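Mapping of the sequence shown onto this note's numbering: position 127 corresponds to residue 157, and the numbering continues sequentially without gaps. We treat Cβ as the ideally placed atom computed from N, Cα and C, and that holds for glycine. Values in this document were obtained by computation on a predicted structure and should not be read as measured data.
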Amino acid sequence: FLLGVAAILFVFGSVLTFDVSLDNSIKLAVLTSGIYVLVILLLLNPVKIKEINESTIEHVGVPIQIIETIEKPVIKEIFRDVVRTVEKPIIQKVFVEKPKAPVKHRMTYKYIGTSESQTYHKHSCRFSKLIKKKYQVKENDKKYFKLRGYKRCKYCKP
31 FLLGVAAILF VFGSVLTFDV SLDNSIKLAV LTSGIYVLVI LLLLNPVKIK
81 EINESTIEHV GVPIQIIETI EKPVIKEIFR DVVRTVEKPI IQKVFVEKPK
131 APVKHRMTYK YIGTSESQTY HKHSCRFSKL IKKKYQVKEN DKKYFKLRGY
181 KRCKYCKP
């Protein structure tokens, strides 16, 4: 129904808009109505595909014929020694304890500074462990670093 209304509106709109002559407007109306009829026929009568209702399955193959049956026992006897005795000598490992070398006492400092960025840290600060040895300045007193203009670490706050 809506397709018919759309076709009629299309014909009237095109005739009024473009000032088509009477002959051309009749041709346009016939052409539009023909297309409308074809579309309606296709929509109302959909083409059905041929349905298959048979459910038989045929097996095609060559039949197998048994010519002879062979009757033989398939038992093999294997004679092997099951128990094996292996003699291995028992060897004990002797551990000799070496005397431990004496632990060297290193001088630990409370504060470590860097000569590059002019900051100082506590010895336990994670950033103090990242300073290369050639840039390290070690001291036990904060005043040493404050007098030389070092800034304190913002993480460990010595």
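Rounded to the nearest angstrom, the gap between the Cα atoms of Arg182 and Gln148 is 9 Å. Put simply, the backbone Cα of Lys168 is about 22 Å away from that of Val133.
For the pair Ile142 and His135, the CB atoms are not nearer than the 8 Å cut-off.
With a cutoff of 8 Å on beta-carbon distance, Tyr139 and Phe175 are scored as not near each other. With the rule of 3 Cβ pairs closer than 8 Å, the segment 32-41 counts as touching the segment 62-71.
Rounded to whole angstroms, Lys163 and Lys130 show a C-alpha spacing of 28 Å.
For Ser55 against Val45, the beta-carbon gap comes to about 5 Å, under 8 Å, which counts as contact. Residues of the same chain with a CB within less than 7 Å of the CB of Cys155, apart from the 5 flanking positions on each side, are Cys183, Tyr185 and Cys186 in chain order. DSSP lists Ile142 as the beta-bridge partner residues of His151. Rounded to the nearest whole angstrom, the C-alpha separation of Leu58 and Leu73 is 22 Å. Excluding the 5 residues flanking it on each side, Thr144 has same chain C-beta neighbours closer than 6 Å at Ile161 and Tyr165, in chain order. Boundaries cannot be given for Val124, as no beta strand (DSSP E) includes it and DSSP labels it neither H nor E. Non-local C-beta neighbours of Ser158 in its own chain, meaning closer than 6 Å and more than five positions away in sequence, comprise Ile142 and His151, ordered along the chain. For Val167, no alpha helix (DSSP H) segment is defined; the enclosing uninterrupted segment is the beta strand (DSSP E) at Gln166 to Glu169.
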